[in-house]
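A.B. asks: Numbering-wise (the numbering used here), the sequence shown opens with residue 0 and increments by one.
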Amino acid sequence: MAVHIRLATPHDYATIAEIAQESQNLHERAHPDIYNKDTPGFTEEHIRHLIEGELTAVYVAEEENTIVGYELLRVHTPSYFDVFKPQTIAEISDIAVTETMRGKGVGYLLFEAVKEWAKSREAQRLELTVWEFNRHARAFYERQGMQTLHRTMTLPIE
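#1: Going along the chain, which residues of its own chain have a beta-carbon closer than 8 Å to the beta-carbon of residue 88, five neighbours each way excluded?
#2: Starting from residue 69, follow its DSSP beta bridges and name the residues at the other end.
#3: Using DSSP bridges, identify the partner residues of residue 124.
#4: Excluding the 5 residues flanking residue 50 on each side, which residues of the same chain have their C-beta closer than 8 Å to its C-beta?
#5: Quick test of your reading: residue 93 and residue 108, contact by CB under 8 Å. State the CB separation rounded to the nearest angstrom.
#6: Taking Cβ to Cβ, would you say residue 68 is nearer than 8 Å to residue 105?
#7: For residue 66 and residue 112, I'd like the C-alpha separation in whole angstroms.
#8: Going by other Cβ atoms of all chains shown within 10 Å of its Cβ, with 16 needed for buried, is residue 19 buried or exposed?
#9: Which residues mark the beginning and the end of the alpha helix (DSSP H) in which residue 2 is found?
#10: Figure out for me which residue from 59, 116, 114, 13 has the closest Cα to the Cα of residue 39.
#11: Report the residue from 120, 110, 150, 82 whose alpha carbon sits nearest the alpha carbon of residue 139.
#12: Using the Cβ count rule (16 or more neighbours within 10 Å means buried), how would you classify residue 86?
#13: So for residue 135, helix, strand or coil by DSSP?
#14: Can the beta-carbon of residue 16 be found less than 8 Å from the beta-carbon of residue 62?
#15: Give the DSSP-derived three-state secondary structure of residue 113 in the structure shown.
#16: Please classify residue 159 as buried or exposed, where buried requires at least 16 neighbouring CB atoms within 10 angstroms.
In structure tokens, the structure reads:
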């Protein structure tokens, strides 16, 4: 398997959206009360904005000219509370690998790319949100050295 990572172009949107929909459907099955079915969760315009942004990026993983994974990235400096020390944070807002390529090192290659991107943006930390039900993703991130910083808890109001 020769997978390489590259920056996405606007022409990659359709394939990114297919992979995103596959991931979205996994989330919808776990939380049909929260997630919509059969949607990638973002528009072509949004992806174009991320590709063209100075503080954002989209990477894709390719095997034999076929996109098999992607990640959406941004860097920001939170300033909404003065209780936090000022720092630049790189965030993976979305990452997904096709089901057929999971467990084959594609996620690792994407994760390495985001670490390099974060360094180039002088980020002090890398963050992401992962759903509690997604134990495979949580285990993957822990293998990469990530730790839980906080939790979001919920209570349905009936």
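Each residue gets a CB set at the ideal place from its N, CA and C atoms; glycine is no exception.
C.D. replies: Reading it off the structure:
#1: By one-based count along the sequence shown, residue 88 stands at place 89. Result list for residue 88: 74, 75, 76, 77, 122, 123, 124, 125, 126, in chain order.
#2: Mapped onto the sequence shown, residue 69 falls at position 70. The partner list for residue 69 (beta bridge, DSSP) reads 59, 95.
#3: Locating residue 124 in the sequence shown gives position 125, where the first residue counts as 1. Looking at the DSSP output, residue 124 shares a beta bridge with 88.
#4: Here the question's residue 50 lines up with position 51 in the sequence shown. 6, 7, 8, 9, 56, 57, listed in sequence order.
#5: By one-based count along the sequence shown, residue 93 stands at place 94. By one-based count along the sequence shown, residue 108 stands at place 109. Not quite, the Cβ-Cβ distance comes to about 16 Å (not below 8 Å), so this is no contact.
#6: Indexing the sequence shown from 1 puts residue 68 at position 69. Indexing the sequence shown from 1 puts residue 105 at position 106. Residue 68 is a Cβ neighbour of residue 105, given a cutoff of 8 Å.
#7: What you label residue 66 is simply residue 67 of the sequence shown in a count that begins at 1. What you label residue 112 is simply residue 113 of the sequence shown in a count that begins at 1. Taking C-alpha positions only, residue 66 is separated from residue 112 by approximately 15 Å.
#8: As a first step, residue 19 is located in the sequence shown; it is residue number 20 there, counting from the start. With 16 or more other Cβ atoms from the protein chains shown falling within 10 Å of its own Cβ, residue 19 counts as buried.
#9: Counting from 1 along the sequence shown, the entry for residue 2 is found at position 3. Note, residue 2: premise wrong, no alpha helix (DSSP H); beta strand (DSSP E) at 2-6.
#10: Working through the sequence shown from its first residue, we reach residue 39 at position 40. Taking only the C-alpha atoms, the option nearest residue 39 is 13.
#11: Translated into positions along the sequence shown, residue 139 becomes position 140. Proximity to residue 139 across 120, 110, 150, 82 peaks at 110, based on C-alpha coordinates.
#12: Against the sequence shown, residue 86 aligns to sequence position 87. Burial call: exposed.
#13: The residue you call residue 135 lines up with position 136 of the sequence shown. Look at residue 135 here: in three-state DSSP terms it is helix.
#14: Translated into the one-based positions of the sequence shown, residue 16 becomes position 17. Translated into the one-based positions of the sequence shown, residue 62 becomes position 63. The answer is no: Cβ separation not under 8 Å.
#15: The count along the sequence shown starts at 1 and reaches residue 113 at position 114. In this structure, residue 113 counts as helix in the three-state DSSP scheme.
#16: Residue 159 lies beyond the stretch modelled for the chain, which goes from 0 to 157, so this question has no answer here.
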